[in-house]
Amino acid sequence: MRRLLIVPALLLLGSCATLDKNECLAGDWQGIGLRDGAAGAPMSRVDDHAKACAPHGVTPDVTAWKRGREQGLLDYCQPQRGFRVGAAGSSYAGVCPADLEPDFLAGYSDGKLIYSAKQDVDRASSDASNAYYEAERLEKEMRQQEARLADPKLTAQERESIRAGLKRLRNDRERALDAMERAKRDESRAQRDLDDLQARFTAIYGDV
């Protein structure tokens, strides 16, 4: 069985109510459970529903909710869904039945490869942009310092200091431009890797 580190719980909605008043009063607990199961919600979700419905005098029908959730998990715990969950960078709460979990996790693991590859592309792209803007900033500062040299009131010592500063700025700008080119190459490699993964997994999971 392919195993990987599992995040112990899904991110919940914090202080936001999981159900509104109308949903609580309608009492379609099997339908609510079906929806929760299809979303991969953990068992603790029914406790959140209980808190949401308590102000309206409604207590969840836990048996009906569990029945619906079990049905919903049959849709959630499929390899294709695992792949989509992983590719989105979402966590998995360990909710799948033992007979479905191995294939779900196989898809989830493949999806995480896609997510990681996209992160690599984004990171390299961000590095390239940051280096570009740093080079632009340094170029602007160089022009400002060069303009200062036109001041006839400058002493020889001041001119020497400005020229030394300009040399440092030029060196820093060259380093920024080199960093930008490296980042662009990294981005191209990362994009090729992502394209290869997407082509590979499309044959298994459909459009990725």
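Residue numbers for the sequence shown follow our numbering, so the first one is 1 and each next one is one higher.
Quick reminder that beta carbons are idealized off the backbone N, C-alpha and C, glycines included.
Source: prediction; values computed, not measured.
Would you decide whether residue i is buried or exposed? Buried here means 16 or more other CB atoms lie within 10 Å of its CB.
i	result
ASP195	exposed
ALA183	buried
ALA52	buried
ASP151	exposed
THR18	buried
Please classify residue i: does DSSP put it in a helix, a strand, or coil?
i	result
TYR115	helix
VAL58	coil
GLY94	coil
LEU19	coil
GLY206	coil
THR155	coil
LEU25	helix
CYS77	coil
GLY33	helix
PRO240	Look at the range of the chain in this structure, 1 to 208, and you will see that residue 240 is not part of it.
LEU10	Reliability fails at LEU10, whose pLDDT of 41 lies under 50, so the model's placement of it is uncertain and the value that follows must be treated cautiously. In the structure shown, LEU10 sits in coil (DSSP, three-state: anything other than H, G, I, E or B).
Do you know how far the Cα of residue j is from the Cα of residue i?
i	j	result
PRO42	GLY107	19 Å
VAL46	CYS77	19 Å
ALA88	GLY206	15 Å
MET142	ASP122	30 Å
TYR115	PRO55	40 Å
CYS16	ARG170	53 Å
PRO60	ALA131	55 Å
Between residue i and residue j, is the Cβ-Cβ spacing less than 8 Å?
i	j	result
ARG173	GLU139	yes
ALA135	LEU177	yes
GLY57	GLN30	no
GLY111	GLY86	yes
LEU149	ARG159	yes
GLY82	LEU113	no
PRO79	ASP103	yes
ALA38	ASP75	yes
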